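The following block contains the structure:
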């Protein structure tokens, strides 16, 4: 077997390709780095500016409005706990990173999902790419990310986006595809343009499914925070990472607990955005 | 029948599903049947060389069992499905060759459609659903609300405009579907099994309502159904489909009385004749006596004909009443006129009354029930034996109405049913 075909130099190809990208698009990458850094830092300093108890109340009110009393209560208690054990600023940093990654995921994922839902050819190209993004171990694309975006929060955001964007795209496609054929037929029969069909019928009907996709993206972005901390992204992930490397079991648990609480709050609130809309 | 405008013209429309469409069309032209073509090419025949015209203002029913291609055929009329070959003309314009924007315009202004499963937008209120067709045309809010409310009123859904579709029953949801189609004020209405998902009583109500609306709106309606009773009830003309081909086109009466082949015959053999035949079909010649004749003349006529009662009319054959032989005899002896012994309390029905609606009257009447026209002129009488004979499928008991073909129209038919 070995003699039949020489080993394909995939590793060398990738190295050459990444080098070429780094040099050729240096300006672009620098621009992205500055922009993303600005966004994450800006959001972080804005959130830090708000006193913790006011932030708790605001978030609890949002939880109450979108979800219900129980989740609002959990939000207050959970955030109080995080503040109490001293992970408030870490949580804000993580929140800034996650929110930025999710917003970018939505900005990329939603249009891409819509496009793929309308054109079979696009879907056939995108689907294997999504499979690749979700199964390729995150560490692997973390390495080129450092080349492109240096060390810090930006490669963390980029890695989170790569990992978090597939569910938004997939569920946007699914949601639009799931709109019953007879409803699409009716919109056609009344002479809708493609845009009218999309914005008046397909997107509103797909919204609960799309929201479920965004919810999943948030969860995946959160699950990336520890990995992102390895390339220098600050926040709760960094606390966990430090605890792991120093074998501080208690500290690691505390930071991990803070991530879990954050995850539950974000999950419950975003889960209810889609559901509420359908009920009314 | 007077010359009528052709609204929709379908010429040689064929729809093939699957690959090898070209070869399948070729084989169809050679007269091969559906199964043979499926075997040879793997293609399924949706519609096979359909050809018909729909006249302005008529209800044209396309009927067939599921899989007969009727839903495919109706979708080629507004090109929700593109035919593989053949042409469809709407008002003389070939819709099958129209570019996209023109097609869209035709769908907005000329053809609207009602769907079997209603196909309402679940996230929009009843009013917003009804407005949809106007909204996509860019009509401003005030005008489209006005138009939508008017058509909701037409279908009897005033007051429900702020509800969501899933808060309404099936029948009401389909009314919304109908209102949405009416709001666009198109000449042509395509109704794809529009009432099939409704339960029988509501279905009948909806049929009546559609016919009622039709008398005031005179739209051109293409109605798809698998239910023969429904087809007979509302269709001005019916096209019967089998395996993608149209096997017979004709008025309900023509289809029932002269099935063109065994398939149609088998289809119609189970039909409830009492819901198709009218008083006109089964009435016998009425023996009458003019009111200014004396009782003796009346008595003489009854004796000669061997009957025990006779209807009395004026010179214009307007029905005045009836007299019995016994009364006439007494009158002859006492010197009374026919007018004095006239029994005005008589049973009469309109010519378009369905048999099913006159059983009760016929069975309880002491003298044969009179059939009258709108001006109360006597047309004939209903003899029990003839009514039963017609129901038994005895064609001799059924009158030929070829001299008066417009008589059998569904609008009138339904009116009578309602009364």
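Chains as they are written, first to last, in the working numbering: chain A, 1 to 280; chain B, 1 to 419. Ideal Cβ placement from N, Cα and C applies to all residues, glycine included. Only a predicted model underlies this, so the values are computations on that prediction, with no experimental measurement involved.
A check of alpha carbon separations from residue 303 (chain B) across B:336, B:152, B:98 and B:324 identifies B:324 as the nearest. Counting the other CB atoms within 10 Å of its CB gives residue 200 (chain B) a total below 16, which places it among the exposed residues. Here the alpha carbon of residue 253 (chain A) sits roughly 13 Å from the alpha carbon of residue 226 (chain A).
Listed along the chain, the chain A residues whose CB falls inside 8 Å of the CB of residue 235 (chain B) amount to none; the nearest CB is some 22 Å away. Neighbours of residue 132 (chain B) in chain A, taken as residues at a C-beta separation under 7 Å, are given in chain order as 190. Contact of residue 72 (chain A) with chain B by beta-carbon distance below 8 Å is absent, the smallest such distance being about 27 Å. Using a 10 angstroms sphere on the CB of residue 136 (chain A), the tally of other CB atoms stays under 16, which defines it as exposed. Annotation: the continuous alpha helix (DSSP H) that includes residue 27 (chain A) extends over 26-49. Contact note: residue 80 (chain B) reaches chain A through 185, 188 and 189, using a C-beta cutoff of 7 Å and chain order. With the criterion set as a beta carbon lying under 9 Å from some beta carbon of chain B, the segment 114-127 of chain A has no members that meet it. Among the bridge pairs identified by DSSP, residue 124 (chain B) is matched with none.
With a cut-off of 8 Å on Cβ pairs, the segment 99-116 of chain B is not in contact with the segment 160-167 of chain A, counting fewer than three such pairs. Per DSSP, reduced to three states, the secondary structure at residue 94 (chain B) is strand. Within its own chain, the residues whose Cβ lies closer than 6 Å to the Cβ of residue 146 (chain A), once the five positions on either side in sequence are excluded, are 155 and 231, listed in chain order. Going by DSSP, residue 145 (chain A) is part of the alpha helix (DSSP H) stretching over 138-149.
Going by DSSP, residue 201 (chain B) is part of no beta strand (DSSP E) but of the alpha helix (DSSP H) stretching over 200-217.
The beta carbon of residue 206 (chain B) sits closer than 6 Å to those of 195, all from its chain and outside the five residues before and after it, given in chain order. Per DSSP, reduced to three states, the secondary structure at residue 300 (chain B) is helical.
Annotation: the continuous alpha helix (DSSP H) that includes residue 150 (chain B) extends over 141-154. Under DSSP, residue 237 (chain B) takes part in a beta bridge, and its partners are B:60. Rounded to whole angstroms, residue 126 (chain A) and residue 142 (chain B) show a C-alpha spacing of 44 Å. One thing to note: residue 369 (chain B) has its Cβ within 8 Å of the Cβ of residue 347 (chain B). In this model, residue 95 (chain A) and residue 47 (chain B) are separated by some 60 Å (Cα to Cα).
Listed in chain order, the non-local C-beta contacts of residue 202 (chain B) below 6 Å within the same chain comprise 171, local neighbours out to five positions each way being set aside. Per DSSP, the continuous beta strand (DSSP E) segment holding residue 324 (chain B) begins and ends at 319-324.
Chain-order list of chain A residues neighbouring residue 113 (chain B): 185, 186, 189 and 190, by C-beta distance under 9 Å. Between residue 119 (chain B) and chain A, the shortest Cβ-Cβ separation is below 8 Å. Annotation: Cβ neighbours of residue 193 (chain A) in chain B (cutoff 8 Å, chain order): 104 and 136. Comparing alpha-carbon positions, the option among B:293, B:328 and B:275 lying closest to residue 299 (chain B) turns out to be B:328. The DSSP-derived three-state label of residue 152 (chain A) is coil. Residue state for residue 235 (chain A) is assigned as coil, using DSSP reduced to three classes.
Taking CB atoms only, residue 182 (chain A) has a neighbour in chain B less than 8 Å away.
Interface residue (Cβ-Cβ distance to chain A less than 8 Å): residue 107 (chain B) is classified as such. Cβ atoms of residue 211 (chain B) and residue 183 (chain A) stay farther apart than 8 Å, at about 28 Å. Taking the Cα of residue 66 (chain B) as reference, the smallest distance to any Cα among B:244, B:256 and B:215 is reached at B:244. With respect to the C-alpha of residue 109 (chain B), the residue from B:86, B:287 and B:137 having the closest C-alpha is B:137.
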